[in-house]
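Written as structure tokens, this is what we have:
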């Protein structure tokens with residue numbers, strides 16, 4: 399009788415130890431900033447909340463090398479570059495629900511007046527515990543998140559001209575975050591258009607730079623010639639020659655718009671100074687074009703465009719400084735020696 403009792407007690411103890419071990423190994427505590435995803439042979443099952451014991455032996459926490467790669471591109475404070483940050487720990491299966499800052503690599507957008515801008519965006523987001531099914535199903539979470547962010551900013555920037563964009567940074571940021579939230583709301587249930595990422599979007603901000611439209615020049619049927627600061631002397635000379643060959647008609651509408659921006663809201667003195675610089679550059683271009691031929695070329699000041707209203711004003715100023723009366727330079731003799739009246 400004693401032996402039977404001992405065996406019964408031993409069985410009970412073994413059962414209790416096994417039950418305790420089962421509870422300990424299957425116990426998870428999901429807090430407000432952390433959770434665990436579970437799945438079975440049919441796929442995703444649920445995201446844990448609170449203190450939970452997984453009594454169903456078929457239900458297991460998503461972890462290990464087969465767990466989905468839930469990561470995103472973030473800034474690296476130590477280098478200033480980019481790094482990948484994981485939101486799911488493959489060892490424990492813990493899913494980070496804290497707000498994070500996604501910083502996609504700079505991307506290109508186009509304004510309503512066809513100006514290219516390089517956008518550097520930052521979007522604060524956090525995983526949505528209720529929609530982790532979508533996170534579980536997405537193969538490339540990082541790519542999907544970056545694409546959604548880029549699409550939102552491109553859409554809003556494309557609605558504005560480049561002049562309007564400078565004064566509407568906060569409006570673009572607000573509209574972009576609303577765009578992202580709307581995309582989540584339209585695709586958070588099966589059968590609805592689109593697909594939710596399982597993300598809560600909180601804030602968005604961005605900066606942008608505008609490439610120099612004159613740094614690249616392309617001629618019809620020819621390859622693009624880069625004349626930027628990093629170009630070699632041969633490349634720069636080739637770009638200058640191509641631009642001189644095409645003339646002012648080679649300017650694209652975006653370049654003309656950029657020139658107009660230079661003159662916008664400037665006082666007359668600044669405008670006159672800019673025009674003087676442009677005239678000096680034109681004279682230099684003429685001299686370079688003549689010298690590049692390698693032949694002796696004789697031209698008159700009139701053909702160089704040096705006898706103009708500006709040149710006459712300069713001559714008048716010199717004469718007045720010398721205390722003599724100024725006589726305008728007569729035009730050259732034409733029409734068989736007949737000089738037109740001044």
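In my numbering, the protein residues as written are 399 to 740.
From the three backbone atoms N, C-alpha and C, an ideal C-beta is built for every residue, glycine too.
These numbers come from a predicted model, not from an experiment.
As assigned by DSSP and simplified to three states, the class of residue i
| i | result |
| --- | --- |
| residue 510 | coil |
| residue 412 | helix |
| residue 406 | helix |
| residue 490 | coil |
| residue 593 | coil |
| residue 503 | coil |
| residue 681 | helix |
| residue 450 | strand |
| residue 566 | coil |
| residue 547 | helix |
When the options are compared against residue i, the one with the closest alpha-carbon
| i | options | result |
| --- | --- | --- |
| residue 663 | 561, 609, 523 and 408 | 561 |
| residue 463 | 477, 491 and 478 | 491 |
| residue 489 | 511, 466, 509 and 505 | 466 |
| residue 690 | 484, 635, 674 and 406 | 635 |
| residue 593 | 601, 443, 539 and 569 | 539 |
| residue 564 | 604, 419 and 576 | 604 |
| residue 578 | 469, 478, 414 and 545 | 545 |
| residue 547 | 570, 454 and 415 | 570 |
| residue 499 | 684, 401 and 519 | 519 |
| residue 446 | 428, 454, 460 and 461 | 428 |
| residue 486 | 413, 682, 434 and 414 | 434 |
| residue 602 | 454, 484, 587 and 497 | 497 |
Beta-carbon proximity list for residue i, same chain, < 7 angstroms, skipping 5 on both sides
| i | result |
| --- | --- |
| residue 678 | none |
| residue 598 | 523, 524 and 526 |
| residue 432 | 492, 493, 494 and 495 |
| residue 557 | 510 |
Close Cβ partners of residue i (< 6 angstroms) along its chain, the five nearest in sequence each way excluded
| i | result |
| --- | --- |
| residue 480 | 471 |
| residue 474 | 481 |
| residue 451 | 421, 424 and 425 |
| residue 573 | 554 |
| residue 531 | 442 |
| residue 591 | 584 |
| residue 444 | 436 |
Neighbour-count burial assignment, residue i, 16 or more Cβ in a 10 Å radius
| i | result |
| --- | --- |
| residue 449 | exposed |
| residue 482 | exposed |
| residue 430 | exposed |
| residue 513 | buried |
| residue 737 | Interpretation of residue 737 is limited by its pLDDT of 43, a score under 50 that renders its predicted location unreliable; the figure taken from the coordinates is listed afterwards. Residue 737 is exposed by the Cβ-count criterion. |
| residue 541 | exposed |
| residue 610 | exposed |
| residue 509 | buried |
| residue 503 | exposed |
| residue 407 | exposed |
| residue 596 | buried |
| residue 403 | exposed |
| residue 436 | buried |
| residue 405 | exposed |
| residue 661 | exposed |
| residue 615 | Legend: pLDDT at residue 615 = 49, less than 50; position of this residue unreliable, value from coordinates given subsequently. Label assigned to residue 615: buried. |
Beta-bridge pairing of residue i - partner residues as DSSP gives them
| i | result |
| --- | --- |
| residue 498 | 523 |
| residue 531 | Its beta-bridge partners do not exist; DSSP assigns none. |
| residue 604 | 519 |
| residue 435 | 445 |
| residue 424 | Looking at the DSSP assignment, residue 424 forms no beta bridge with any residue, so it has no partner. |
| residue 469 | 484 |
| residue 459 | 436 |
| residue 599 | 523 |
Residues of its chain near residue i, where Cβ-Cβ distance is below 8 angstroms and the 5 sequence neighbours each way are ignored
| i | result |
| --- | --- |
| residue 506 | 514, 515, 516 and 517 |
| residue 456 | 438 and 439 |
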